[in-house]
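Number of protein chains: 2
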Amino acid sequence: MPQLRQNAATKEWVIIATERSRRPHDFVAEPRAPTADTPRSPSCPFCPGNEHLTPPEVFRLPGADGGWSARVVPNKFAALIPDGSLDRHAEGFFRCMDAVGRHEIVIETPLHNQPMALAETPQIERVLNVLRARYLALRDDPMLRLILIFKNHGAAAGTSLEHPHLQIAATPIVPYRQRTRYGEATQYWDDTGHCVYSDMRDQELADGRRVVLQTPCFVAFHPFASRSPFETWIVPRRHSASFGRTTDEELADLAVVLKSVLGKLYTKLNNPDYNLIVHTAPVPDETEEYFLWHIQILLRLTNPAGFEMGTGIYINTALPEETAAFLREP
Amino acid sequence: MPQLRQNAATKEWVIIATERSRRPHDFVAEPRAPTADTPRSPSCPFCPGNEHLTPPEVFRLPGADGGWSARVVPNKFAALIPDGSLDRHAEGFFRCMDAVGRHEIVIETPLHNQPMALAETPQIERVLNVLRARYLALRDDPMLRLILIFKNHGAAAGTSLEHPHLQIAATPIVPYRQRTRYGEATQYWDDTGHCVYSDMRDQELADGRRVVLQTPCFVAFHPFASRSPFETWIVPRRHSASFGRTTDEELADLAVVLKSVLGKLYTKLNNPDYNLIVHTAPVPDETEEYFLWHIQILLRLTNPAGFEMGTGIYINTALPEETAAFLREP
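The listed protein sequences derive, respectively, from chains D and G. Each position in the first sequence, counted from 1, maps to that position plus 7 in the numbering used here. Each position in the second sequence, counted from 1, maps to that position plus 7 in the numbering used here.
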């Protein structure tokens, strides 16, 4: 029968819908012709030669022949902008403020047709170093409270531009839902003296059925209470609340993990659309013990509907034990 | 500049992204040929003559000539099923339980090609009476804590079957996110002695710019902190925490409101995909003062992506003041 499973860290339940359950290979898409089959696209604002189409860059990683191997630019359609006030305004009952913050684009590679799943590990490591550098630059702005790094890959994941890129958004508030999650983790730490994310990692390791990959610095698994098929968490072994405090060794290892995990998803499911999110503590909590930074990858194979919107409970039609085994196969 | 707006009831912020802002008429879809242009579809399990394709019905509203005008059947692919245990099981660190509950389909009409936006008002009123009857039947099951009524209209909203239908899901737990929202409303009531949803309705009425429709029993508006373009809330004037405690007069009036609101969206935006959700208090709180039952309609014109998934903050590219004015126009 269908099962309700609770995520121990977020306290959120999911339904593992065995009545509709689909086997891992049911999620394999038809092979699709790459819409980008050349390394440059004349109209792409992120391709070399079109640098004038983006706002002035804030960071450049030099490449061969005087070019670049990665660039960071403000989002041309930024949802959060640097200049504004932190004051809350009351319009009667209604509260609002300037959407002050940062919204940047990290162009990962000059190559239009090389998604991260197909990139070389050293290039992924370079991009991770750029992300950490930008995190550290933004964290020094006292206006900013949370720095979110994420990637939208594919149309179903909300990308409008195909050229491989990540985004960094920094908000002047800790968003309500994230505040709730940090609160649950804080309560767990108060109760037990442990970080709930570290405990979850260790329990997944002890169980083993949902583990996809282990490396010296990271564990990748499909969580017990996965919200959707092939949901993947990448959790560090060393405690740190903040992505900004990762070591060089960890970033080098993380590049190996991302190459493997994204590569397996790309190859075995035929380039699925996904969102990748780096969860990290609010800037003022970077040295706290209650939270462990980690990465969540959510595939966009299904469409949340009224039930999810009305309850917050996701219905997952695949067993994470089976999807993890499927990905572990050579 | 873009603006952060807070929903006073849920405490969640949204970004009104004026930098990318689109005018209401930008959301008008191309007219699309109805995929269903006949009142019956031979292969549809919800069409008359195919009653054997659904599980045995639990409720029938008689129609003309010995037929039916509405039917309620268990969902063939139920995410929650009636038989099971309420016991939580610990698998080490992991908590799970049987996904016990109910998951029903309300077939609104025998007519395959008559979505609610095009139905006659008396038929909508009959359907609303069926929903209340099913709510009242399910609420007497002591196992169930929350009864969610919702509708997925269109492929982007997660429908697999086009025949007009609603769904009812009843869960043995109060889902975490809903528990949080009830908690915020309880705190507001403790602080002020008012229901925050009633106060929001009154403030929207006093402001007026975002009000779409007023009737004797209801107010429809695009909330100050709308999460997406054309988000519509339908809030009763009379206080009641529970949809199950609506009066006959209210249901008759609600049919008029739904016909008008869904009809305007259908006509002006060319049949957009949407989710409709009836928010109601948990069964044990039906007579509480902190919550006011209401309906939320969310159009699926845009796709939440990594930013929304990582923060819970929605980016809305339209001004609710403008979308409401657009809908008010004759």
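Yeah, the Cβ is synthetic: ideal placement off N, Cα and C, and Gly gets one too.
query: I114 of chain D - partner residues in DSSP beta bridges; result: D:R78, D:H172
query: Those residues which DSSP pairs with H286 of chain D across a bridge; result: D:H301
query: For H96 of chain D: DSSP bridge partner residues; result: D:C103
query: is_contact[Y297 of chain D, chain G] using C-beta, thresh 8 Å; result: no
query: Exposure label - P149 of chain D; buried when at least 16 CB within 10 Å; result: exposed
query: Beta-carbon proximity of V372 of chain D to R208 of chain D, cut-off 8 Å; result: Residue 372 of chain D is absent from the model: chain D starts at 8 and stops at 337.
query: Euclidean distance between Cα positions of K266 of chain D and E132 of chain D; result: 10 Å
query: Own chain residues within Cβ distance below 7 Å of R335 of chain G, not counting five before or after; result: V219
query: Identity of the residue in G:P337, G:Y297, G:I88, G:N278 nearest T287 of chain G by Cα; result: G:Y297
query: Interface flag, K271 of chain G vs chain D, CB-CB below 8 Å; result: no
query: Cut-off 6 Å between Cβ atoms - residues of its own chain near H170 of chain G, not counting five sequence neighbours on either side; result: C51, F53, H119
query: Closer than 8 Å to chain D by CB, F189 of chain G; result: The amino acid at residue 189 of chain G is misidentified as Phe; the sequence shows Tyr. Output row for Y189 of chain G: interface = no.
query: According to DSSP, residues forming a beta bridge with T239 of chain D; result: D:I304
query: Contact check, H201 of chain G vs R217 of chain G, beta carbons under 8 Å; result: no
query: Proximal chain G residues relative to A163 of chain D, where beta-carbon distance stays under 8 Å; result: N310
query: Own chain residues within Cβ distance below 7 Å of P62 of chain G, not counting five before or after; result: V80, P81, K83
query: Members of the segment 261-293 of chain G that neighbour chain D once the beta carbon cut-off is set at 9 Å; result: N282, L283, I284, V285, H286
query: heavy atom of the ligand NAD below 7 Å from P289 of chain G C-beta; result: No copy of the ligand NAD occurs in the structure displayed, which carries no ligand at all.
query: Exposure of T309 of chain G, with buried meaning 16 or more beta-carbon neighbours within 10 Å; result: buried
query: Rounded separation between H172 of chain D and D280 of chain G - CA only; result: 30 Å
query: Spatial distance of S235 of chain D from N323 of chain D (CA atoms); result: 5 Å
query: Distance, A259 of chain D Cα to P129 of chain D Cα; result: 8 Å
query: 8 Å Cβ cutoff met for R152 of chain G and V107 of chain G; result: no
query: Range covered by the alpha helix (DSSP H) that runs through P129 of chain D; result: 128-146
query: When G:T330, G:L326, G:P337 are compared against S28 of chain G, the one with the closest alpha-carbon; result: G:L326
query: Spatial distance of L7 of chain D from H32 of chain D (CA atoms); result: As shown, chain D starts at 8 and ends at 337. That puts residue 7 of chain D outside it, with no answer to give.
query: Per-residue DSSP class, three states only, for L153 of chain G; result: strand
query: Assigned secondary structure, T25 of chain D (DSSP; H/G/I helix, E/B strand, else coil); result: helix
query: Three-pair Cβ contact test at 8 Å for the segment 14-26 of chain D versus the segment 185-193 of chain D; result: yes
query: CB of Q210 of chain G within 8 Å of CB of F101 of chain D, strictly; result: yes
query: Minimum Cβ-Cβ distance from R30 of chain G to chain D less than 8 Å; result: no
query: Cross-strand partners of T178 of chain D (DSSP beta bridge); result: D:L153
query: One or two residues paired with Q221 of chain D in a DSSP bridge; result: D:V226
query: Contact with chain D by Y142 of chain G, beta-carbon distance below 8 Å; result: no
query: Residue(s) in a DSSP beta bridge with N323 of chain D; result: D:I23
query: Three-state secondary structure (DSSP) of P291 of chain G; result: helix
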